[in-house]
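Asker:
Number of protein chains: 2
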Amino acid sequence: MKKTLFALFMLIQMNYANEGMWLIEQLQALNLPQAGLEISIEDIYNRDTPCLLDAIVNLGGATAEFVSSEGLLLTNHHVAYGGVQRASVQGVDYLTDGFLARSKAEELPAPGSYVRVILEIRDVTTEILESIGNVKDLVERNRLIKYAIKILEDTIEAEDIDIEVKIASMYNGEQYILYKYKRFDDLRIVYMPPLSIGNYGADIDNWMWPRHTGDFAFLRVYMTPTGKGGEYSPDNIPYKPEKWLKIASTDLRDGDFTFIIGYPGRTNRNRTSPAIKYHLNEIYPGNIVRYENTIRILDETAAQYPEAAIKVAGMRKGRSNYHKKTLGIISGMKAADFLAGQIALERELQEFILSQRKFRKKYAHIFADIQKQFEYISQTLDHDRTLALFDYDAGIIPAAAKKILYTVLEREKPEADRNPEFSETEIKRTSSRIKYRYLSFFEPADKELLKHAFMVVLRLDSTQRIAGLEFLRNQNLDQYSEELYSETKMKDPDFVRSMFFMTSEELEALNDPIIQLLQKLYQEDEDRRVREERFKAELGELRRKYMTVLSAYKGFNVYPNANGTVRLTYGPVAGYSPRDAVYYKPFTTLSGVIAKDTGEPPFDMPVELRKLGEEKIYGQWFNPEMDDVPVAFTHQCDITNGNSGSPVLNAKGELLGIAFDGNYEALLSDWQYNPDIQRAISVDIRYVMFVTEQYAGAEYLLEEMGIK
Amino acid sequence: MKKTLFALFMLIQMNYANEGMWLIEQLQALNLPQAGLEISIEDIYNRDTPCLLDAIVNLGGATAEFVSSEGLLLTNHHVAYGGVQRASVQGVDYLTDGFLARSKAEELPAPGSYVRVILEIRDVTTEILESIGNVKDLVERNRLIKYAIKILEDTIEAEDIDIEVKIASMYNGEQYILYKYKRFDDLRIVYMPPLSIGNYGADIDNWMWPRHTGDFAFLRVYMTPTGKGGEYSPDNIPYKPEKWLKIASTDLRDGDFTFIIGYPGRTNRNRTSPAIKYHLNEIYPGNIVRYENTIRILDETAAQYPEAAIKVAGMRKGRSNYHKKTLGIISGMKAADFLAGQIALERELQEFILSQRKFRKKYAHIFADIQKQFEYISQTLDHDRTLALFDYDAGIIPAAAKKILYTVLEREKPEADRNPEFSETEIKRTSSRIKYRYLSFFEPADKELLKHAFMVVLRLDSTQRIAGLEFLRNQNLDQYSEELYSETKMKDPDFVRSMFFMTSEELEALNDPIIQLLQKLYQEDEDRRVREERFKAELGELRRKYMTVLSAYKGFNVYPNANGTVRLTYGPVAGYSPRDAVYYKPFTTLSGVIAKDTGEPPFDMPVELRKLGEEKIYGQWFNPEMDDVPVAFTHQCDITNGNSGSPVLNAKGELLGIAFDGNYEALLSDWQYNPDIQRAISVDIRYVMFVTEQYAGAEYLLEEMGIK
């Protein structure tokens with residue numbers, strides 16, 4: 000198996016300039032110096048001495064970077080958002096107003112936020128694949144692999160309390176890479192600009208260029224006096240990173256080389272037409288309806304209860320972001336005639352397979368087989384996705400109840416039957432974090448979300464019904480929901496945490512109506528899980544075959560789909576032409592922020608910031624050619640969700656800005672990269688420094704970053 | 000007076016590059032060769048030999064140009080629109096489908112369309128101003144001037160049946176120029192592209208860039224066998240112009256010199272703040288409401304009666320165009336802080352006046368005096384503009400009735416009291432054209448428009464009421480409108496024509512209820528006219544003073560406001576930046592037409608045209624650098640309504656395209672020119688030729704134009 004992989008590696012060549020979310024191990028093969036990199040690959044990553052990678056951390060699934068020796072972190076405003084929302088529940092709205100700590104003592108805990116610093120990266124493919132022995136059944140193989148992964152992860156995590164390990168599958172299980180992290184749960188808010196800077200333009204400008212959002216925030220990582228990660232404690236001291244980034248001081252120009260290191264979450268590159276069709280016709284339209292319902296319910300609640308707004312803000316923002324993103328992907332697929340293009344490619348590939356003796360026997364049916372898999376999973380789609388509502392969109396308590404019930408039941412299974420996702424380490428982590436989820440709990444919203452889920456259940460076609468919930472037909476839903484929430488014991492997060500460690504008898508004895516509700520789903524949800532594991536196992540194998548054929552046919556560069564592991568992407572600063580006769584330049588300016596200012600949210604820049612712009616009080620943070628402060632820029636880097644907060648670096652590895660978005664055309668990039676029109680959008684470090692120094696008056700932060 | 004004028008002429012210098020709608024007499028002062036012109040001013044205009052001006056004609060208020068020795072004319076699709084609409088009433092919809100005559104015999108009369116070819120341009124200031132003698136009263140002076148103008152016009156027009164003369168006042172009466180035309184009323188449709196080319200994008204793209212409208216049409220001018228202009232006759236033969244334009248064959252590039260000769264209709268440059276305020280707060284909002292009501296009523300009628308759509312199309316298009324234009328002017332004024340800028344300028348000017356001994360005495364009160372004039376006219380604004388509804392928006396029959404009644408009453412006044420606008424020549428012209436107006440007559444629409452006008456009358460504030468229409472309060476408006484339209488004799492256009500020549504007794508004896516309705520308005524409308532003439536006379540004098548001060552203060556270039564007389568404007572091909580980080584290139588392409596194609600109006604390009612683009616069947620009409628057919632371009636020329644259809648010429652005087660619009664930012668140009676963002680939009684002659692040859696297959700037209 001490794002052999003195939005190495006064969007693929009040798010094929011690395013650029014079909015599309017700047018496509019690729021590259022593994023750190025692949026950098027030597029990319030010829031980065033030719034592209035413009037002036038430092039060495041070892042400066043980016045090596046095992047022995049401090050390197051750039053030590054300065055770049057995973058922040059709860061997104062990315063952040065150290066910018067001082069005292070653990071000062073830069074990330075996006077929208078990444079820090081959740082922590083600041085949760086810090087705000089005491090009646091002070093730090094989200095809207097922003098927050099500046101004038102000294103370390105004033106720094107504000109950001110509940111629920113955490114970072115992971117990479118300690119080690121190691122290929123563990125051989126160890127992991129050994130576990131499958133001679134087993135042929137794909138589902139069973141996958142289970143054995145998952146189990147081997149969990150054992151290895153747990154073993155290493157046992158080394159210390161702040162160690163976290165993730166073993167990630169690359170290329171549909173072709174390779175397994177282990178990432179060992181040191182985890183810090185004591186993060187504090189240093190400077191959070193007000194919404195009217197950090198979220199300027201909000202949903203209207205989200206995914207759009209030209210963009211004028213100051214999407215940045217400063218946090219600080221704290222450790223115990225003995226150097227461990229862990230939860231907040233007043234005794235903790237600032238973390239001393241091995242490496243921190245230097246702020247770039249030169250003027251960024253069109254065409255300049257840039258690169259990004261970060262944690263892209265998930266892509267669907269190199270997918271076949273049935274997957275595209277399935278998303279375009281089923282998954283995405285269904286998601287859009289789901290997001291719209293959730294947003295509507297949260298908005299209605301916020302309108303009725305003013306105190307709810309800050310509580311539901313995070314969930315609303317997330318759903319609204321995915322809503323716009325999904326619409327954009329659909330319109331991108333249609334504009335690019337993406338499905339038709341893939342179908343045409345598959346026709347060529349099928350001819351190629353039939354023409355090659357070495358492929359003919361083994362690969363002749365892959366497209367038909369993939370098609371069958373999607374037909375199989377489609378049969379229960381409405382049933383299965385309605386069950387999945389209870390994981391998130393049906394409310395915070397039902398989601399917690401489901402997690403608890405499943406944890407308790409899994410724990411009582413024999414070792415061999417247990418789902419490795421429910422390891423003790425994982426249970427401890429989940430249960431201890433449940434309190435942060437409850438900071439967003441607002442009962443009337445939760446109740447409405449659950450009631451809406453019930454209505455979705457009742458509207459299911461007769462072939463898709465959830466048997467365990469048929470009893471709802473005889474219920475008055477209003478009254479039933481009222482009862483569930485008035486009788487449940489799950490409103491107290493401390494008690495909820497303790498529930499994770501109950502036996503099934505103890506849980507049963509609680510007689511909690513929401514736990515009882517979730518019990519009614521359990522068996523059907525288990526069936527769904529088995530079905531999906533079969534689907535994934537079969538599809539994973541078919542996808543490996545597809546990639547083998549595709550690589551042989553096209554000889555293109557290979558990088559694994561994004562999966563939340565650290566990646567590098569690079570490319571020049573570049574504008575683009577979104578349509579006939581229109582050209583978008585790669586830089587926006589403070590004057591552009593002022594031009595959009597209407598005084599009304601989301602275009603209500605602070606009056607003092609406007610004044611600085613109008614009076615050209617820029618400090619050193621302006622570009623002399625523009626005679627203006629650069630605010631954001633576009634570049635040809637290949638990023639996705641999870642890259643939010645990633646450092647944008649110049650040829651010398653200095654910090655140019657912080658990636659925070661893509662343009663509307665780039666929404667399709669989760670599926671297909673197009674260097675002509677897809678762009679990463681980053682906030683310019685000069686705007687970050689200008690706002691921090693000239694607007695917020697936090698000169699001491701600039702001093703800490705070594706800027707005189 | 001002439002002295003002041005010449006003093007102004009000597010000050011010509013460019014404050015704003017490419018600002019100016021220049022009189023033909025001013026061209027020598029402009030240094031056009033330096034700007035890029037390669038032909039001589041005499042090639043553009045001279046009295047003795049054929050020159051460019053001979054090829055450029057006034058087409059019913061807009062512009063057109065000869066492109067062959069046989070009277071073939073090019074103009075805009077939207078200029079030819081009315082004639083084609085009126086030609087379509089027999090059940091064939093040439094507007095939607097387009098029309099191509101395969102030979103001269105097939106060419107279709109365009110009822111109501113006419114052109115005027117310039118025979119002579121002459122300064123008649125001395126002759127006209129002699130007439131005022133020692134009269135001091137400004138209103139009386141204006142009346143005497145109007146009278147002198149009419150006498151001179153009539154005298155020259157008596158020379159031949161096809162002679163038409165217009166004496167135009169420049170610089171608020173500082174100068175009078177006589178334009179002698181030969182008029183042709185037999186125009187025929189040669190090639191009209193379908194709506195889906197000629198009006199591609201319709202209202203959505205109107206006033207917008209990037210633009211993809213093929214806004215052109217070919218017509219032909221016919222004359223009698225003895226060379227006279229006049230109405231349609233099958234015996235007529237094609238007109239042989241003195242001069243026709245050569246189609247440019249070189250590729251147009253960004254920055255290339257262009258100039259436009261045409262007939263801009265009306266501008267409000269160099270107005271003072273009370274005029275701006277009056278339009279921004281009163282006139283424009285009122286007009287918007289009026290346009291919206293008219294559009295709504297026409298749309299409702301068209302929805303109810305499918306046969307009405309083509310009849311009301313012209314009126315609807317006109318109102319819709321002005322509606323969008325007015326909104327654009329308002330937003331342009333607000334975006335440019337136009338009023339505040341003018342107020343600041345006036346403050347500077349006031350200081351300047353007080354600091355200059357020669358100005359102090361005569362000019363110290365001009366701003367206060369102008370302000371008073373607007374206060375005076377504002378007092379009766381709602382009353383007066385409601386009366387003006389009956390000139391157009393209250394329906395075709397009421398407007399005709401008003402014209403007839405006023406004509407008959409004016410004719411019976413003593414010569415000295417008569418309004419010179421009602422000369423016998425003018426009456427003959429108006430009455431003979433009434434039949435074209437009636438081609439758009441659709442009784443249910445007319446009735447609704449009148450009923451709506453009644454409702455506007457009844458809603459007037461008590462201080463603004465129209466005494467003559469107070470009787471409406473006791474009427475059932477539905478029933479009254481029904482009666483008016485069932486009893487009127489004014490549905491027959493021939494009879495309506497004859498009514499212009501009745502005596503007031505004969506008119507009275509008709510007992511026509513719509514004539515009787517208009518009689519009730521007569522006295523108040525006469526009062527309004529007197530009031531407005533006083534206002535105009537006083538304001539005209541104050542504006543002359545203002546211009547004297549302004550010129551002395553700023554020393555800027557002087558050209559008279561547009562007034563429907565022939566003008567030249569010039570400037571380079573240029574894109575622009577509408578907002579931060581966005582640049583609009585100056586060219587659109589056939590690929591851009593395809594990119595906008597949705598298959599649904601107004602973006603429903605013909606399938607065959609799309610195919611030509613997709614298969615790159617361009618003929619010779621493509622730009623090799625673009626590898627595409629250029630469709631439209633933007634340039635820095637200073638144009639307005641009336642310039643529609645104007646030729647865009649290159650340095651050699653060859654035809655590059657046809658002006659048809661401005662960008663949204665240019666809507667403010669009626670008041671203020673801004674070379675940074677205001678652009679003329681012209682259809683590229685290569686797109687005109689491509690569509691005509693490759694899509695319509697009218698190669699013979701290209702041969703006629705001398706293109707092999």
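Residue numbers (numbering that gives the first Met the number 0), protein chains in the order written: chain A, 0 to 707; chain G, 0 to 707. All residues carry an ideal CB built from backbone N, CA and C; glycine is no exception.
Quick check: the Cα distance between S87 of chain G and I196 of chain G, rounded to an integer number of angstroms?
Answerer: If you take the alpha carbons of S87 of chain G and I196 of chain G, they lie about 18 Å apart.
Asker: Applying the 10 Å Cβ sphere with the 16-neighbour rule, what's the burial state of D445 of chain A?
Answerer: By the 10 Å Cβ count, D445 of chain A comes out buried.
Asker: For K412 of chain G, does the count of other Cβ atoms within 10 angstroms reach 16, so buried, or fall short, so exposed?
Answerer: It is exposed - the Cβ of K412 of chain G has fewer than 16 other Cβ atoms within 10 Å.
Asker: Could you list which residues in chain G have their beta carbon closer than 8 Å to that of G591 of chain A, in chain order?
Answerer: Those are R578, D579, A580, listed as they occur along chain G.
Asker: According to DSSP, is Y321 of chain A part of a helix, a strand, or is it coil?
Answerer: Of the three classes helix, strand and coil, the one that applies to Y321 of chain A here is helix, per DSSP.
Asker: Pull up the distance between the alpha-carbon of P559 of chain A and that of Y290 of chain A, whole angstroms please.
Answerer: Rounded to the nearest angstrom, the two C-alpha atoms are 29 Å apart.
Asker: Applying the criterion that 16 or more other CB atoms from any shown protein chain within 10 Å of the CB defines a buried residue, is R101 of chain A buried or exposed?
Answerer: Label assigned to R101 of chain A: exposed.
Asker: At what residues does the alpha helix (DSSP H) containing M169 of chain G begin and finish?
Answerer: From DSSP, M169 of chain G is part of no alpha helix (DSSP H) but of the beta strand (DSSP E) over 162-169.
Asker: Per DSSP, which residues does A201 of chain G bridge with? Please list them.
Answerer: Answer by DSSP bridge pairing: none, since A201 of chain G is not bridged.
Asker: Starting from F586 of chain G, find everything on chain A with Cβ-Cβ shorter than 8 Å and list it in chain order.
Answerer: Ordered by position in chain A, the residues that pass the 8 Å Cβ test against F586 of chain G are A580.
Asker: Hey, is P209 of chain G's beta-carbon within less than 8 Å of any beta-carbon in chain A?
Answerer: Closer than 8 Å: yes.
Asker: Can you check whether the C-beta of A301 of chain A is within less than 8 Å of a C-beta belonging to chain G?
Answerer: A301 of chain A does not count as touching chain G.
Asker: Can you tell me whether K1 of chain G is buried or exposed, with buried defined as 16 or more other CB within 10 angstroms of its CB?
Answerer: With a pLDDT of only 36 at K1 of chain G, under 50, the local geometry of the prediction cannot be trusted, and the value read off the model is given with reservation. So K1 of chain G ends up on the exposed side.
Asker: State the Cα-Cα distance for the pair V236 of chain G and T223 of chain G, rounded to the nearest angstrom.
Answerer: Sequence inspection shows Ile at residue 236 of chain G; the Val mentioned does not correspond to that position. Their Cα atoms are separated by approximately 6 Å.
Asker: Mapping the DSSP letters down to three states, classify S576 of chain G as helix, strand or coil.
Answerer: Strand, per DSSP.
Asker: Of all Cβ atoms in chain G, is any one closer than 8 Å to the Cβ of Y617 of chain A?
Answerer: Cβ-Cβ to chain G under 8 Å: no for Y617 of chain A.
Asker: Have a look at the DSSP bridge pairing and note the partners of A63 of chain G.
Answerer: Paired residue(s): G:V56.
Asker: Below 8 Å between beta carbons: does that hold for G618 of chain A and F689 of chain A?
Answerer: It is a contact, given that the beta carbons lie within the stated cut-off.
Asker: If distances are taken between C-alpha atoms only, which option among A:G200, A:F217, A:V220 comes closest to H211 of chain A?
Answerer: Per the Cα distances, A:G200.
Asker: Would you say Y575 of chain A faces chain G, with C-beta separation under 8 Å as the test?
Answerer: So, not an interface residue.
Asker: So for N622 of chain A, helix, strand or coil by DSSP?
Answerer: Residue state, collapsed to three classes: strand.
Asker: I need the DSSP call for E698 of chain G, collapsed to helix, strand or coil.
Answerer: In this structure, E698 of chain G counts as helix in the three-state DSSP scheme.
Asker: If you measure between the beta carbons of L541 of chain A and I369 of chain A, is that distance less than 8 Å?
Answerer: Closer than 8 Å, so yes.
Asker: Leaving out the 5 sequence neighbours to the left and right, which residues in its chain are closer than 7 Å to I426 of chain G when beta-carbon positions are compared?
Answerer: The residues are T406, F499.
Asker: Mind checking the region 632-665 of chain A against chain G and listing, in chain order, the residues whose C-beta falls within less than 7 Å of any C-beta there?
Answerer: Within the region 632-665 of chain A, no residue has a Cβ that lies closer than 7 Å to any Cβ of chain G.
Asker: Okay, do the region 677-688 of chain G and the region 628-639 of chain G touch, 3+ Cβ pairs below 8 Å being the bar?
Answerer: Yes: the two stretches touch, three or more of their Cβ pairs being nearer than 8 Å.
Asker: Determine the closest residue to R121 of chain G out of G:H77, G:K179, G:F215, with distance taken between C-alpha atoms.
Answerer: Closest option to R121 of chain G, Cα to Cα, is G:K179.
Asker: May I have the straight-line CA-CA distance separating P110 of chain A from N280 of chain G, to the nearest angstrom?
Answerer: About 53 Å.
Asker: Identify each residue in the region 326-350 of chain A for which the Cβ-Cβ distance to at least one residue of chain G is less than 8 Å, and report them in chain order.
Answerer: Within the region 326-350 of chain A, no residue qualifies.
Asker: Could you please give the first and the last residue of the uninterrupted beta strand (DSSP E) stretch that includes A216 of chain G?
Answerer: Segment 216-222, the beta strand (DSSP E) holding A216 of chain G.
Asker: Output needed in chain order: residues of the region 99-117 of chain A with a Cβ under 7 Å from some Cβ in chain G.
Answerer: So the list is empty, because no residue satisfies the distance condition.
Asker: With a threshold of 8 Å between beta-carbons, can A551 of chain G be considered close to chain A, or not?
Answerer: For A551 of chain G, the answer is no, since every Cβ of chain A falls outside 8 Å of its Cβ.
Asker: Since Y170 of chain A contacts V123 of chain A with CB under 8 Å, what's their CB separation in whole angstroms?
Answerer: Not a contact, Cβ separation roughly 14 Å.
Asker: My understanding is that F724 of chain A touches L667 of chain A, with C-beta atoms under 8 Å, so please give their C-beta distance in whole angstroms.
Answerer: Absent from the structure is residue 724 of chain A, since the part of chain A shown begins at 0 and ends at 707.
Asker: Scan the region 183-217 of chain G for residues whose Cβ lies nearer than 9 Å to a Cβ of chain A and list them as they occur along the chain.
Answerer: Listed by position, the residues of the region 183-217 of chain G near chain A (Cβ gap below 9 Å) are W208, P209, R210, H211.
Asker: At 4 residues or longer, and completely inside the region 391-439 of chain A: list those alpha helix (DSSP H) runs for me, N to C.
Answerer: Runs of the alpha helix (DSSP H) inside the region 391-439 of chain A: 395-410, 423-437.
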